[in-house]
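This report concerns only the one structure given below.
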Amino acid sequence: MQFTPAPLTGSERTSTDSSQVIHQFENGLVAIIREDRSAPVASVQAWVNTGSIHEGKWLGAGLSHILEHMLFKGTENRDTNEIAQHIQDQGGYINAYTSFDRTVYWIDIPAEGVITAVDILSDAMMNSTLPEDEYVKEQEVIRREFAMGFDSPERTLQKLLFENAFLEHPYRYPVIGHLQVYNQLTRGDVMEYYKARYVPNNMFFVVVGDVNAQEIIAQLEKSFEGVPRGALTPVFIPSEPEQLSARTAHRSFPSELTRLYLSWPIPDHTDPDMPALDILASVLGDGRSARLNQKLREELGIVHSIAAFSYTPRDRGIFAVMAVLDPGKREEVEQAISALMDDVIANGITAEELEKARKMSLASQYSELQTMRGQASEIGSNWMLTGDPDFGDTYLASLQQVTLDDVKRVAAKYIVPQRRTTVSLNPPAVEKELAAETEAAAARETTQFTLPNGLRVLAIKDARLPLVTSGIMFRGGVLYETPEINGITSLMAGALVKGTASRTAREIADTLESVGGGISSESGNNTFNVFVNTMTEDWITGLDILADVVLNPSFPENEIERERGAALAAIRSENDQILRLASRFNRKQIFGEHPYSQPQLGTIESVSKLTRGQLVAHYEKLRRTEDAVIVVVGDIDPSAVKNEITARFSTLPTGSAREGDYPDVAPIAEAARIAENADKEQAVILVGYVGPDIYDEDRYAIELIDQASSDLGSRFFVRIRDELGLAYFVGSSYSPGLTDGAFSFYVGTDPAKVDLVEKALLEEIDKLAKEGLTEIELTRAKKKLIGQQAISNQSNSVYAQVLALDELYDLGYEASEKRAEAIEAVTLEQVRSAAKRWLQDRKRVITVVGPGVNSNAAEAAAE
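Whatever position you read off the sequence shown (first residue = 1), add 213 for my numbering.
Laid out in structure tokens, this is it:
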């Protein structure tokens, strides 16, 4: 199906949104621009109507995907690496993705850089040169991406699902392609595809943010001047025949858990039945109170997680249920899902469930619209699939018309046994027989007050959308744990929201989700928290539940056991993630006996032995006003927040769990090299150091080194990935702590090339440690850090956590607003000094994880 834009010729019109302009140029290019001046950022996106289903004779090769990788490797006007560097010089971020039916390139950037972003994307769309030497390097990079997919149970299971749910339609081929077909591609094949599909009348631009629409149109006119329409050759896409019988595929996978998909064919996104099917998916699998979660996880305890969704692309889609469970329970889980489906078909859903699903859809839509990128992505998807940028509003309206009978009817029509596809990945031992906008300071008003009991409260008014995030942050986490109780904060946080003296876990979830809200709890190295999200009209309901959970948790024994099972499953699941394995080994060596050496989730041994009494005692110890901050962000009245918080939290126990200073992190005594064998297709090398704490004068200098070492124009990326073509991913990571934290460099590569990659990585690290950053690197890193703060803080939830953490750590909630100024003030000499202090003058630990890795310690530290 070819893209057919609105019938415009060199014309302009506005959509139903008066701030939105749709302009079509003479050559067929379309621009959709929404002016939104609520934040000084913008998202610029180029959408090309081509994806893996359009690859013709190269179907299954991943042609669209490798072209996406190559497009920024140089143009007739810009050299290799120049594109990424120019965007980062502006403080922006550039990326892209490929799907079945589209390839999308996007840049999030401060508003002053938007014309540069438009110019660069236009240049890449039309003038990329796809250099031969870069193509050879990128081939190897993508082979590493294939290896990551082979190691990922989630990707492997999804691939298994689609190749069984679709027998004729090209959705059955993975977007990345099949490795054997991919290996046959040449640079000439990619260039031919590029010239055929990347033509103005097969693409459109979406720009949302603090921009001037006419300036964007003028820049696009200039950028595409002299570029004619292209003659698009029709691509034959076979229709998927009706599925007449059940299909099953079970495979073994080196994992400790079973992963299961059940799916049924459904129509495309334009079918009148789709709103009812989406309601059905929400009722069954969206949230803690969803039927599948309540029945199979909470009541029967036979899954660790379960969800349902409807996938509705341009052509026929699927309705699916996905579950993670212990080995040996697959048949029981399949039967339980079938029984639940039968009940819906026979008895339908309740009016309360229908209303909850509608609310959740509305809340989800509002959440997406918080960021400029979210708005641009919705506009782009709507335009590509329907030719109407406002289709999302139309679809939400259609959801409001769905009746109980509609949901019951579509369940009976589509969820039928003979049209079901069942696929699973199982441990080898089991599978013997048979996968908006940013938070600009002017847009948010912060009020801080302290209750008589010492509890600090932050109220931030943000009237952009009718959403409210309310939460409480406590000091806690791994820093307060011993090896015997490692993982207790994580387990405690999970159980905290599973019942109170007056509400069951089901009632908590039902109450919130019936108004489109939700509750979450989590822990980290230094804290744990509980957050509630609602729409403005229901924020008091959310606050009531937050207070009830914090003040009156019941920690039911059965819920603790359920959370323990999920925690143990998550710990086992980490064995499937090679970078996490390497990080875990590295932190243990770096931190020694310090609490930071412990994994946040705990160990199998420690979590298995934790008791309810220990959880209750641990919570009572940490639940203190001097170690807590409450934050409310959204469309609220700060004075009302003060009254409501005072009425609910004045009885929170006073005092602090801290007993003097936190333990110091001992310096690494001896450099070391650790090699751990893992049954994977790839290897990871990680070089770790002790890093500064959040109060250290070198914190921002190290953050800048981290940013400069992680972006697409970094010296590590250019040397190891681009020049040598030896890695799929390469970067760095800095996690500051309340005591000394950790800083590391990492790279993923072919196991056969570990020695070569390790040598190159250490050479670059040592050069950085000795010389620091260049002026260009420092300037780019500053722009990126500051720009990313503006971009990431668009979300209420993110902003709430940032301010709560700063206040909790005694930095002051204003620290976030002062951060940009502090970053700008960092000098080259300060960076050099920090690099010498933390990277050159300190010992390091090298960790290598992969199949058959070299276990000798030769050149351990490359001192």
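Beta carbons: idealized from backbone N, C-alpha and C, even for Gly.
Helix, strand or coil for K674 per DSSP?
strand
Taking the straight line between their C-alpha atoms, what separation do you get for W596 and I333?
23 Å
Would you call the region 536 to 546 and the region 478 to 490 touching, i.e. three or more CB-CB distances under 8 Å?
no
What three-state label does DSSP hand R785 in the structure shown?
helix
Less than 6 Å between C-beta atoms, sequence neighbours within five positions excluded: which residues of the same chain meet that for R501?
A722
Which residue's Cα is closest to the Cα of R529: V496, P451, K572 and R571?
P451
Counting beta carbon pairs with one atom in the region 856 to 872 and one in the region 654 to 674, are three or more of them shorter than 8 Å?
yes
Going straight from the alpha carbon of D346 to that of F744, what length do you get?
50 Å
Which word fits G1025, buried or exposed, when buried means at least 16 other C-beta atoms lie within 10 angstroms of its C-beta?
A residue is called buried when at least 16 other Cβ atoms come within 10 angstroms of its Cβ; G1025 does not meet this threshold and is exposed.
Taking only the alpha-carbon atoms, compute the straight-line gap between E428 and A779 and give it to the nearest angstrom.
53 Å
Look at the alpha carbon of E405 and the alpha carbon of R464, and state the distance between them as a whole number of angstroms.
37 Å
May I have a chain-ordered list of the beta strand (DSSP E) segments no shorter than 3 residues that lie completely inside the region 879 to 961?
885 to 890, 896 to 904 and 940 to 948
Taking all protein chains shown into account, do 16 or more other C-beta atoms lie within 10 angstroms of the C-beta of N771, making it buried, or fewer, making it exposed?
exposed
Starting from F466 and walking both ways along the alpha helix (DSSP H), at which residues does that stretch end?
Taken as a continuous stretch (DSSP letters only), F466 belongs to no alpha helix (DSSP H), as it is neither H nor E.
Give the secondary structure of E658 by DSSP, where H, G and I count as helix, E and B as strand, and everything else as coil.
strand
Who pairs with Y524 in a beta bridge, going by DSSP?
I531
Roughly how many angstroms separate the alpha carbons of V1066 and G362, rounded to a whole number?
Note on geometry: alpha-carbon atoms of V1066 and G362 lie some 20 Å from one another.
What first and last residue would you give for the beta strand (DSSP E) that runs through G422?
M416 to G422
Along the chain, where does the alpha helix (DSSP H) that runs through L1018 open and close?
N1009 to L1021
Would you tell me roughly how many angstroms separate the C-alpha atoms of T616 and L567, rounded to the nearest one?
8 Å
Between the C-alpha atoms of E916 and Y947, what's the straight-line distance to the nearest angstrom?
Answer to the nearest angstrom: the Cα atoms are 7 Å apart.
Kindly indicate which residue of G273, Y524, A409 and Q583 has the alpha-carbon position closest to the one of A252.
Q583
Below 8 Å between beta carbons: does that hold for L969 and A891?
Cβ distance not < 8 Å, so L969 and A891 don't count as in contact.
Assign Y913 to buried or exposed, taking buried as 16 or more other Cβ atoms, counted over all protein chains shown, within 10 Å of its Cβ.
Burial call: buried.
How far does the alpha helix (DSSP H) with R622 in it extend, from its first residue to its last?
L617 to Y627
Using the rule of at least 16 other Cβ atoms within 10 Å of the residue's Cβ for burial, across every protein chain shown, is T525 buried or exposed?
buried
Nearest-angstrom Cα distance between A653 and E883?
For A653, the predicted structure reports a pLDDT of 41, less than 50, and the residue's modelled location is therefore unreliable. The matter cannot be settled from this model.
Helix, strand or coil: which one does DSSP assign to Q352?
helix
Among A337, H267, L671 and Q303, which residue has its Cα nearest to the Cα of E289?
A337
Please state if the CB of I307 and the CB of I328 are separated by a distance shorter than 8 Å.
no
How should T952 be labelled, buried or exposed, when 16 other C-beta atoms within 10 angstroms of its C-beta is the threshold for buried?
Answer is buried; the Cβ neighbour count reaches 16.
Considering only heavy atoms of the ligand ADP, does any lie closer than 7 Å to the CB of G287?
Ligands displayed in this structure: none; no statement on the ligand ADP is therefore possible.
Which same chain residues, not among the five before or five after Q456, have their C-beta less than 7 Å away from its C-beta?
P478 and R632
Name the two residues that bound the continuous alpha helix (DSSP H) containing I492.
M487 to G498
Counting pairs of Cβ atoms below 8 Å between the region 900 to 912 and the region 924 to 936, do you hit three or more?
The region 900 to 912 is not in contact with the region 924 to 936.
When DSSP labels each residue in this structure, what does H278 get in the three-state scheme?
It is helical.
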